[in-house]
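J.: Protein chains in written order, with the numbering used here: chain A, 1 to 167; chain B, 1001 to 1801; chain C, 2001 to 2295.
Where is the CB? At the ideal position from N, CA and C, for every residue including glycine.
The structure follows.
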């Protein structure tokens, strides 16, 4: 955790966020974004920061089960809430069906958008368990990918849908 | 050719990178932070052009958490001037921070180092800079005028490079032509804007006189000499590490930041110093592709064969002093695209303006060259009343002319362009579409089709820059690799070019597994470049789609050194002649008696531990290092012809669009690409790169633009203003492949990664014009925004009524 | 790109929130979903001394139908409203517009009241609320006041709320009879703020007896186009008369062009944006009529 000095206008708070099932507590500036908290204080560097103004979607996480952008939330706002990052979806020995499908369909290249894409897809499949191609595209349109041209991502999400349903 | 059952090459094996990245376990430069890390924030110029009268850091340095700061004056005192990669006409008095004046909006003026990025940004607001604004040179043509404001007064001009290449007697060709047509084309500024921004962490330990830099810089081979020169360090004192790179596309290079971080680390007593661009900084000041103006003039005979061409190009380099003329040079590689055009005159104008420095971006100059050529082909067809596809066919370099050397000396090593086109037409249901289009037009709908073919030269040859700089600063095309059988029989591969999403770990493992007769799982390819252990040279890095052209050669060379040694050692231990042995199933064995074998672990045991069992005189260890340099690279000849890139993939794009005349909206209904990059090592990688590059080209055609006003202010500095296409805007590209292996690369592979980006803007622009043919609309400028499209429709309608 | 320092409060009740606003003498900003405000903070385009975060205030998130009107709590998340059964049934126009607000991740956090109070000139909800003749309820130190949507939006990012007030509820009056409506927008990319947008609400059963038509984009606030309303609502076109409807749509398009041209448009509005708004008005009217005739 980095040390942060504050000036007199800045509040500090102790926050406790359950991240991937683990309680993470830290004292932070109230202005610290949730993304920075997750990366720096909780150590979940799978949260990627791509624009810091709520457009690119790379920093997407689930908060209380819903996909949100952690760069435009403050860590204090997550106090007492549950957050899931890509690390909480599954690991190499126990992949989530979406992760499995991303690997099978080569739905990524540089990997920087991938965590946000996966979490946006989790949110989609919860509301829409059998999405059409258009529905997938619309649901992921808040997540930019500069590498893949999206085709394999869309394929992967649709391929994963039955496994997510049955899982 | 079907791969044999024991062969890994050619198989669509899953990418090992994908497993790491899909679980969020990539390690990117922003993860390269250590206990005690300090954070840099940069104050950036708000002026396009201004003299810096004074920079007052006092208040900023007194802010909470601030450790120290740096101004351009400090940088000038502490470092040597930046050394340009491609020497420019004047000695630069430029440093990692602006000194004396600023030359573009977003140029770093001062740096603050603090305990957190938050505090560093707070302190930036307390820096007082006194500027004396100067008139700005913004439009490249105006910047060439004698009375234009000058970026570098000592140069006396903004024209960095003006030149004329006469490849053959163009005037004679024009004199005997049946038709001569001329047209002007433009391209806007855009960029790939990798999702991960550029950054670094530096630890400069003054006592040990050692600098370590972790950075997602794509070309450590070039970053190293710049950093070393500026800081007055030897290369041996610098360790340069590249972790996972979150997308590059050429953009990720900026030695300024590495030098700033190093200086601040030194000033803070060797603490780790981290700098990461935020998105606004990335969009304002990392790298833009040059905007440009191109006049094309073509001379044709009665049958529509192009006899000669004149190209006058203006590349707006922005304030690019580190790496200029690249866009102009790379156009030499596709100056005549896929066509047999015997003579060409190429006029080069590489111009500096008060805008973001230009630099490498997916295709570098080639997308514009292709845009102009392929738009010109449609224009010529219209003027001649010919079918645009037929006109192309008449001019394509035929397969039996391969390998073909174009007028500029550019080599097309292989390809079957008409074959690529043949495959494209059914892929997009060309014939059906023409019928559909007639019916649609009758009902007032505007459907259009656009075709563009594009050459995709890869693997840059450093000696081409002799043409622009007049000096032999570097030459050749190269990369380096190491393959080592470790003590336990496992295999480690190090590669200078670690990639940034191109699956190099997987591809390299496929190659090495085949060479050493092991399963892919037994080969680990380091995801990191580390100058302390990875062999490297000036050419090292991730650029110009050179994996096929040089990286494969380096990997194979290193693997074969190890293979030869394994066989030699195996022969000695098994008491068999080498010719009777093979590498298979994780060991050396007799071809006729497979059980007569030594495993890699057994061989490694001897090579590293049981040294007295080695044959007499054999060096211990099982390590191969190979620096591969392509034989094909040359230096410019007396007529200034050069192979500026070595291997040419090609692609044909076909796109069907519908234009909504009321909104100006363009919808892509169908998109097809036929791609030929020679032998395919891993189909998943190739298809992914083509699809992704096409998306980038679509972005350039329809959405993306760095928009400067007349004063040089950039209006697109966030992802709200700089529009990247999303999953809704990008269609699922239908893809087909043709395989014409390169006769010159070790495995017949050619470059892949730009073939989507190069022809796409032309194809889309052609399609939109075709859709609006009944109205006679033409388009000079990209992107084709709804407003621009609507404006042309209105103009056409007004002129009709 | 990090936010500047601020003091941060998380009131649990509305009165506590109002007290905080009163005490902070104008340098406070209310934080609802934060999907517009926090980017502005990160870009350091806003420097509030104090943030009053409403996310822990009880009782501001609800969707109720009291017969005469729909009442939506200001802190209701856009996504919740989008999936609301009550709204799907009683106010599909709002659902149609909500689905076009940003992206799911934005709507999961963004609130109905936040979007209205932010008053982006091309946001979906101000346009739709104007078309629905909604009322916005502001709570302040002196109690509550009700503001008609057409009086609420004063300019770009400017509303009738004063610095001590908080938007607490939106009320959408129920129509006396069936209502058919359409919202259309045109943006550069899916999920972007629109270049222009239009909403049309038709009333009547066998024949059209009234219309509210709103366009946004060329003006700083969503504007009713009364000439189009008179035309569409006054023509008495029958639900089953397709030919008359087609003629009406064409005429509505022409009227819309003149009506948009007469709007007090802002300096950045281009001829294109004005024409686009008129085109969208025509499309919204056409779609509303088509939905009406299908029912």
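Can you tell me which residues form a DSSP beta bridge with residue 1653(B)?
T.: Its beta-bridge partners are 1452(B), 1673(B).
J.: Residue 1539(B) by DSSP, collapsed to three states: which one?
T.: Looking at residue 1539(B) - three-state DSSP - the assignment turns out to be coil, as it is neither helix nor strand.
J.: Using the Cβ count rule (16 or more neighbours within 10 Å means buried), how would you classify residue 2100(C)?
T.: Looking at its Cβ environment, which holds 16 or more other Cβ atoms inside 10 Å, residue 2100(C) is buried.
J.: Can residue 1195(B) and residue 42(A) be called in contact, C-beta distance under 8 Å?
T.: In this structure, residue 42(A) does not lie closer than 8 Å to residue 1195(B) by Cβ.
J.: Along chain A, in chain order, which residues have C-beta atoms closer than 7 Å to that of residue 2043(C)?
T.: Neighbours of residue 2043(C) on chain A, chain order: 53.
J.: Using 8 Å as the limit for Cβ to Cβ distance, is residue 1090(B) near chain A?
T.: Output row for residue 1090(B): interface = no.
J.: Out of curiosity, what's the CA-to-CA distance linking residue 2295(C) and residue 1668(B)?
T.: Taking the straight line from one Cα to the other gives about 33 Å.
J.: Start and end of the alpha helix (DSSP H) containing residue 1022(B)?
T.: Segment 1016 to 1022, the alpha helix (DSSP H) holding residue 1022(B).
J.: Mind listing the chain A neighbours of residue 1434(B)? Cutoff is C-beta to C-beta under 8 Å, in chain order.
T.: Correct list: empty, because the minimum Cβ distance to chain A is about 26 Å.
J.: Apart from the five residues on each side of it in sequence, which residues of its chain come closer than 6 Å, Cβ to Cβ, to residue 52(A)?
T.: Taken in chain order, the residues that qualify are 71.
J.: At the 8 Å Cβ level, is residue 1025(B) part of the contact set with chain A, yes or no?
T.: It does; some Cβ of chain A falls within 8 Å.
J.: Given a threshold of 16 other Cβ atoms within 10 Å of its Cβ, counted over all protein chains shown, does residue 1630(B) qualify as buried or as exposed?
T.: So residue 1630(B) counts as buried.
J.: Short of 9 Å Cβ to Cβ, which residues in the stretch 104 to 127 of chain A face chain C?
T.: Cβ contacts with chain C come from 116, 119, 120, 123, 124, 127.
J.: Kindly indicate the opening and closing residues of the alpha helix (DSSP H) around residue 2057(C).
T.: Counting along the chain, residue 2057(C) falls outside any alpha helix (DSSP H), and DSSP gives it neither H nor E.
J.: Residues of the stretch 2244 to 2258 of chain C with a CB closer than 7 Å to any CB of chain B: list them in chain order, please.
T.: Listed by position, the residues of the stretch 2244 to 2258 of chain C near chain B (Cβ gap below 7 Å) amount to none.
J.: Strictly below 7 Å CB to CB, what residues from chain C border residue 186(A)?
T.: In the structure as shown, chain A begins at 1 and stops at 167. Residue 186(A) is therefore absent and cannot be evaluated.
J.: In chain order, what residues of the same chain have a beta carbon less than 7 Å from the beta carbon of residue 1169(B), not counting five sequence neighbours either side?
T.: So the list reads 1343, once near-sequence residues are dropped.
J.: Distance cutoff 8 Å, beta carbons only. Does residue 2006(C) sit that close to anything in chain A?
T.: Output row for residue 2006(C): interface = yes.
J.: Assuming residue 169(A) is part of the beta strand (DSSP E), what are its boundary residues?
T.: Residue 169(A) falls outside the range modelled here, since chain A spans only 1 to 167, and no answer is possible.
J.: Starting from residue 2190(C), find everything on chain A with Cβ-Cβ shorter than 7 Å and list it in chain order.
T.: Within chain A, the residues near residue 2190(C) are 138, 141.
J.: Can you grab the Cα-Cα spacing for the pair residue 90(A) / residue 37(A), in whole Å?
T.: Approximately 21 Å between the Cα atoms of the pair.
J.: Below 8 Å between beta carbons: does that hold for residue 2081(C) and residue 67(A)?
T.: Not closer than 8 Å, so no.
J.: Using only CA atoms, which one of 2033(C), 2053(C), 2108(C), 2277(C) lies nearest to residue 2197(C)?
T.: Minimum Cα distance to residue 2197(C) is reached at 2277(C).
J.: If distances are taken between C-alpha atoms only, which option among 1141(B), 1158(B), 1245(B), 1753(B) comes closest to residue 1695(B)?
T.: Comparing Cα positions, the closest option is 1753(B).
J.: Once DSSP output is grouped into helix, strand and coil, what is the label at residue 1376(B)?
T.: Residue state, collapsed to three classes: helix.
J.: Quick one: Cα of residue 2127(C) to Cα of residue 1069(B), how far?
T.: Looking at the two C-alpha atoms, the distance is approximately 49 Å.
J.: Please classify residue 2205(C): does DSSP put it in a helix, a strand, or coil?
T.: In the structure shown, residue 2205(C) sits in coil (DSSP, three-state: anything other than H, G, I, E or B).
J.: When DSSP labels each residue in this structure, what does residue 1623(B) get in the three-state scheme?
T.: Three-state result, residue 1623(B): strand.
J.: Alpha carbon to alpha carbon, what distance is there between residue 1394(B) and residue 1303(B)?
T.: Spanning the two alpha carbons is a distance of roughly 8 Å.
J.: Mind checking which residues open and close the alpha helix (DSSP H) that includes residue 1731(B)?
T.: No alpha helix (DSSP H) holds residue 1731(B); DSSP gives it neither H nor E.
J.: Does residue 8(A) pass the burial test, meaning 16 or more other C-beta atoms within 10 Å, or should it be called exposed?
T.: Unreliable placement is indicated for residue 8(A), whose pLDDT of 46 sits below 50; the coordinate value is still reported in the next sentence. Classification for residue 8(A): exposed.
J.: Output yes or no for whether 8 Å exceeds the beta carbon distance between residue 1806(B) and residue 1252(B).
T.: Summary: the structure shown does not reach residue 1806(B), with chain B confined to residues 1001 through 1801, and so no result is reported for it.
J.: Measuring CA to CA, which of 1451(B), 1463(B), 1562(B) is closest to residue 1491(B)?
T.: It is 1562(B).
J.: Below 8 Å on C-beta distance, what does residue 2279(C) contact in chain B?
T.: Per Cβ cutoff of 8 Å: 1662, 1663.
J.: I'd like the list of long-range same chain contacts for residue 1100(B), defined as Cβ closer than 8 Å, with 5 residues on each side in sequence excluded.
T.: Taken in chain order, the residues that qualify are 1051, 1052, 1072, 1093.
J.: Run down chain B in chain order and give the residues with a C-beta less than 7 Å from the C-beta of residue 2276(C).
T.: Near residue 2276(C) (Cβ distances below 7 Å), the residues of chain B are 1663.
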